[in-house]
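**Student:** Mind having a look at this structure? Questions to follow.
In full-length UniProt numbering, the protein residues as written are 1 to 242.
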């Protein structure tokens with residue numbers, strides 16, 4: 001799913017790999033993708049879509065595909081789910097209109113849309129990453145993005161928050177949590193090209209993927225993030241954070 005330009009995350013991720021001479025191959029998890037192919041994945045990415053399309057995706061994932069996906073996450077395969085896809089990875093998503101959609105149960109979360117008369121959570125958002133919840137150390141904690149979701153998500157006891165909300169609504173507009181973490185899998189409501197605004201998050205996943213795949217700690221070569229940093233500074237000033 002990439003209704004809102006979420007594919008930009010993949011493009012940016014691959015660019016940062018290419019700049020370090022790290023080879024990548026892209027496999028699309030579509031209707032032709034078999035459950036047996038999950039074993040070949042070193043990283044899993046999920047984007048967002050509208051409720052109707054999300055239900056179609058869930059129908060395709062149910063069964064052997066769902067079990068294979070859950071198994072990969074349980075074994076520590078890094079994954080990033082943005083926009084509406086974390087809802088599908090949870091216990092269930094209850095749309096504003098229509099029947100409840102059972103999720104895959106990867107994340108211990110429940111998501112409920114309060115209905116079409118309740119305002120959506122829309123706007124620019126800023127957060128501070130809880131890197132400790134990913135057993136990682138990073139100097140850059142601030143993440144920037146855009147959210148547009150009707151669902152409200154509550155975290156269960158078996159997941160940890162990905163970030164603390166500084167500006168915006170986050171998971172539900174009440175508890176100041178943004179996203180969720182389970183093992184090496186991260187979910188968040190950030191729409192569109194999230195990684196280009198947050199190169200530290202992209203590099204975290206690149207490093208963690210290599211460490212999980214080869215079983216050894218590595219240090220990535222630094223890249224020139226001049227443009228990314230200027231964009232981040234401009235946005236933070238616009239949001240009255242700096």
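Note that CB positions come from ideal geometry on N, CA and C, so glycine has one too.
Here the structure is a predicted model, which is why all the values come from computation and not from measurement.
What's the C-alpha gap between residue 227 and residue 242?
**Tutor:** Cα-Cα distance, rounded: 18 angstroms.
**Student:** From 179, 218, 83 and 178, pick the residue whose C-alpha is nearest to that of residue 46; which is it?
**Tutor:** When only C-alpha atoms are compared, the closest one is 83.
**Student:** For the candidate residues 10, 233, 75 and 182, whose alpha-carbon lies nearest to that of residue 90?
**Tutor:** Taking only the C-alpha atoms, the option nearest residue 90 is 182.
**Student:** Out of 169, 16 and 42, point me to the one whose CA is closest to residue 213's CA.
**Tutor:** Ranking 169, 16 and 42 by Cα distance to residue 213 puts 42 first.
**Student:** Helix, strand or coil for residue 45, going by three-state DSSP, please let me know.
**Tutor:** In the structure shown, residue 45 sits in a strand (DSSP, three-state: E or B).
**Student:** For residue 224, which residues of its own chain have a beta-carbon under 6 angstroms away from its beta-carbon, when the five flanking residues on both sides are left out?
**Tutor:** Nothing meets the Cβ criterion.
**Student:** For residue 233, name the three-state secondary structure that DSSP assigns.
**Tutor:** Looking at residue 233 - three-state DSSP - the assignment turns out to be helix.
**Student:** Have a look at residue 230 and residue 67 and give me their C-alpha separation to the nearest angstrom.
**Tutor:** Cα to Cα, residue 230 sits roughly 42 angstroms from residue 67.
**Student:** Quick one: complete beta strand (DSSP E) runs, 3+ long, within the region 132-180?
**Tutor:** Runs of the beta strand (DSSP E) inside the region 132-180: 142-149, 152-155 and 163-167.
**Student:** Which whole-angstrom value is the C-beta distance of residue 148 and residue 122, which I expect to be below 8 angstroms?
**Tutor:** Rounded, the Cβ-Cβ distance is 5 angstroms, consistent with contact.
**Student:** Rounded to whole angstroms, what is the Cα-Cα separation between residue 28 and residue 79?
**Tutor:** Computed Cα separation, rounded: 14 angstroms.
**Student:** Exposed or buried, residue 19, counting other C-beta atoms within 10 Å across all chains shown (16 or more means buried)?
**Tutor:** By the neighbour-count rule (16 or more Cβ atoms within 10 Å), residue 19 is not buried but exposed.
**Student:** With a 10 Å radius around its C-beta and 16 neighbouring C-beta atoms as the bar for buried, classify residue 238 as buried or exposed.
**Tutor:** Classification of residue 238: exposed, given that the 10 Å Cβ count is below 16.
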